[in-house]
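Numbering (my numbering), first residue to last: 31 to 102. We put the CB at the ideal spot given by N, CA and C, even for glycine. What follows is a short report on a single structure.
The structure is reproduced here in structure tokens:
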């Protein structure tokens, strides 16, 4: 969207908004304090997936179906 008046439809809500854009700012890198939490979380998720994959490759998982029935 460039500068000017734009119509934004929300058909499921039955709403139409008019938005006036007066200035378009070029994108720029975010500051470290704005992304540190997201980056840390993503990296922890990555490490956890790698760890679980290594554990699955190293150890066989067996489910005792009788015990499983008892806890359900």
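Ends of the alpha helix (DSSP H) at residue i?
i, result
"residue 72", "62-88"
"residue 98", "95-101"
Please return the same chain residues whose Cβ sits closer than 6 Å to the Cβ of residue i, not counting the five positions on each side in sequence.
i, result
"residue 68", "none"
"residue 39", "46"
Give the range of the beta strand (DSSP E) segment to which residue i is assigned.
i, result
"residue 37", "34-40"
"residue 51", "45-51"
Can you list, in chain order, the residues of its chain with a C-beta nearer than 7 Å to that of residue i? Leave out the 5 residues immediately preceding and following it.
i, result
"residue 37", "46, 48"
Within its chain, find whatever has a CB closer than 8 Å to the CB of residue i; leave out the 5 residues flanking it on each side and keep chain order.
i, result
"residue 92", "none"
"residue 63", "none"
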